[in-house]
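Visitor: Can you keep this structure in mind? I'll have questions shortly.
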Amino acid sequence: MVAPCQVDIRELIDFAHGSDRITFTTRFPHLFLVVAGHDKELPVSFKTEVISVRPAKQASIDEVLPIIKAVGNPYPERIALGRARNCDIVLRDRSVSKLHAHFRVESQGMLLVDLESSNGTYINGQLLKPNQPSPVLIGDSLHFGKVRTELLDAHELFKRL
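Numbering (my numbering), first residue to last: 84 to 244.
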């Protein structure tokens, strides 16, 4: 069974192949996290460390997670990401903290905030300072612990599928 904010990758691929770009982007107006695997070179610890992160290469897609608020979750101004089932975006990996980070959509764009996670949050290889909002852009490589993702809009996702 797929969690409320997960997208079945096969259904998404079938929809992309059976529609045009305009239909696809109209149906999915939000952003996505595309999970392309786990970075085996990142150590798992229980304290935040500064480590280097290679930029993500174009890889196969393991999961597609819409960046949307789960129905009934509190704090409408932010989209929680973590390992716990009650997060809006759930990444089931032991390197991801229960409440790891959150996204905020503001007038100047989307921001990502690390919530003092154990294994860090990275944007394009740069470790985020805890509780400091950082802007994210389409195409950015985001790491949550060992989980490597890429931020895509529906237009870019359609091209990949």
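Using N, Cα and C, we set each Cβ at its ideal position, and we do this for glycine too.
Bear in mind that the values here come from a model prediction, so they are computed numbers and not experimental data.
Does the pairing of the region 87-106 with the region 209-226 give three or more beta-carbon distances under 8 Å?
Guide: In short, these stretches do not touch, since the Cβ pair count stays below three.
Visitor: Of the choices His185, Thr108, Val179 and Arg177, whose alpha-carbon is the least far from that of Ile76?
Guide: For residue 76 there is no data in the structure shown, the boundaries of the chain being 84 and 244.
Visitor: Do you know offhand how far Arg161's Cα is from Val188's?
Guide: Numbered from 1 along the sequence shown, position 78 holds the residue referred to as residue 161. Numbered from 1 along the sequence shown, position 105 holds the residue referred to as residue 188. The alpha-carbon atoms of Arg161 and Val188 are separated by roughly 7 Å.
Visitor: Using CA atoms only, rank isn't needed, just tell me which of Arg93, Asp91, Glu94 and Thr108 is closest to Phe241.
Guide: Here the question's residue 241 lines up with position 158 in the sequence shown. It is Thr108 whose Cα lies nearest to the Cα of Phe241.
Visitor: Could you work out which residue in Val118, Asp103 and Val147 is closest to Asp91 when comparing CA atoms only?
Guide: Taking the first residue of the sequence shown as 1, we reach residue 91 at position 8. Measuring from the Cα of Asp91, the nearest candidate turns out to be Val147.
Visitor: Just to confirm the assignment, what range does the beta strand (DSSP E) spanning Phe111 have?
Guide: Taking the first residue of the sequence shown as position 1, residue 111 is located at position 28. Segment: none, Phe111 is in no beta strand (DSSP E) and carries neither H nor E.
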